[in-house]
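Asker: Residue numbers (this note's numbering), protein chains in the order written: chain A, 731 to 858; chain B, 731 to 858.
Please find one structure pasted underneath; my questions will follow.
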DNA sequence: CGGTATCCGGGACGATACTG
DNA sequence: CAGTATCGTCCCGGATACCG
């Protein structure tokens, strides 16, 4: 990665090249997985997602949704009612992804105590 | 997330709770997937990984390896020779994860042009 | 209800240089 | 070969406040 990307941010530079690593980074990002999995059941509203995705802030939810919409993984449907109603739906491309994500989450749930234990051991042996 | 986590970083705070989102964040992080997939073939050396994982810097490779080792996903074996030789091997826990990761990478490869196209469309319709 | 705007601290990350 | 150290930048992401 040369230093001659003057006037262009690293973000833009990487997007230009669009390697898989960057695609994965979007799709498998901290919040993206939660949102994608939560939206898999069917159309989901903004506030629902806020509750379903544990620990996400309103700001990050908005940003994550916009990013996923931009990548063509989510469709945003606005119903011009009062109060407003907005629904998010997975695209076919995203639905195809769902199984991989689900198995990832499953793995994480099954092994998270083992991971916590491994960390404690590692920390104990490196910092006495 | 209360504001009363004085004296404790956000990192530490989240690790304490250790929710799946944080486990996934480690495992599915930008570089972690690449490293994990590259190491799946068998024992891999540091320099090999540097070549296999496209675009990673030496620094990030080291940090990623340490993080994965700490989480109990990688075993680091040092051979006390000159020049030194270090091998990284997946643990059983990590090997179990490999299939999910591989299908994720496969998905990303199959759809990355579609994603690039979706972005262009999105950008064109939002910023005229 | 479903956002947007602003502020700001801390972490992610590359570049560069040095080492056993 | 396989790292560590240091530095500087950019961006992630929470807190808070405001809006149609």
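Here a beta-carbon is modelled for each residue, glycine too, at the ideal position from N, C-alpha and C.
Owing to the predicted nature of the structure, the values given are computational and were not obtained by experimental measurement.
Beta carbons nearer than 8 angstroms to chain B: which residues of the stretch 822-837 of chain A have them?
Answerer: Cβ contacts with chain B come from 823, 826, 827, 829, 830, 831, 833, 834, 835, 837.
Asker: So what's residue 808 of chain A in DSSP terms, helix, strand or just coil?
Answerer: Reduced to three states, the DSSP call for residue 808 of chain A is strand.
Asker: Mind pulling the chain A residues with CB within less than 7 angstroms of residue 760 of chain B?
Answerer: Here the neighbours are 751, 755.
Asker: For the structure I just gave you, are there three or more beta carbon pairs, one from the stretch 826-834 of chain B and one from the stretch 787-797 of chain B, closer than 8 angstroms?
Answerer: In short, these stretches do not touch, since the Cβ pair count stays below three.
Asker: Under the three-state reduction of DSSP, which class applies to residue 779 of chain A: helix, strand or coil?
Answerer: Reduced to three states, the DSSP call for residue 779 of chain A is helix.
Asker: Would DSSP call residue 797 of chain B helix, strand or coil?
Answerer: DSSP places residue 797 of chain B in helix when its eight states are reduced to three.
Asker: Could you work out which residues of chain B lie near residue 778 of chain A, taking near to mean beta carbons separated by less than 7 angstroms?
Answerer: Neighbours of residue 778 of chain A on chain B: none; closest Cβ ~18 angstroms, over 7 angstroms.
Asker: Please state whether the Cβ-Cβ distance between residue 775 of chain A and residue 817 of chain A is less than 8 angstroms.
Answerer: Yes, Cβ-Cβ distance for residue 775 of chain A and residue 817 of chain A is below 8 angstroms.
Asker: Could one say the Cβ of residue 854 of chain B lies closer than 8 angstroms to chain A's Cβ atoms, at least one of them?
Answerer: For residue 854 of chain B, the answer is no, since every Cβ of chain A falls outside 8 angstroms of its Cβ.
Asker: My guess is that residue 803 of chain A and residue 766 of chain A are in contact by the Cβ rule of under 8 angstroms, so how many angstroms apart are they, rounded?
Answerer: Residue 803 of chain A to residue 766 of chain A, Cβ: 7 angstroms. Contact.
Asker: Closer than 6 angstroms by C-beta to residue 787 of chain A: which residues in its own chain qualify, once you throw out the five before and the five after it? Chain order, please.
Answerer: So the list is empty, once near-sequence residues are dropped.
Asker: In this structure, does DSSP put residue 791 of chain A in helix, strand or coil?
Answerer: Helix.
Asker: Can you give me the C-alpha to C-alpha distance between residue 843 of chain A and residue 836 of chain A, rounded to a whole angstrom?
Answerer: Roughly 13 angstroms separates the two Cα atoms.
Asker: Can you confirm whether residue 839 of chain A, when its beta carbon is compared against all beta carbons of chain B, has any partner nearer than 8 angstroms?
Answerer: Yes, contact with chain B.
Asker: Could you give the C-beta distance for residue 769 of chain B and residue 820 of chain B, rounded to a whole number, given that I count them as a contact under 8 angstroms?
Answerer: That belief holds up - the Cβ atoms of residue 769 of chain B and residue 820 of chain B are roughly 5 angstroms apart, short of 8 angstroms.
Asker: Helix, strand or coil: how does DSSP classify residue 820 of chain B here?
Answerer: Here residue 820 of chain B sits in strand by DSSP.
Asker: Beta-carbon of residue 848 of chain A versus every beta-carbon of chain B: anything under 8 angstroms?
Answerer: Answer yes: the Cβ-Cβ gap between residue 848 of chain A and chain B drops below 8 angstroms somewhere.
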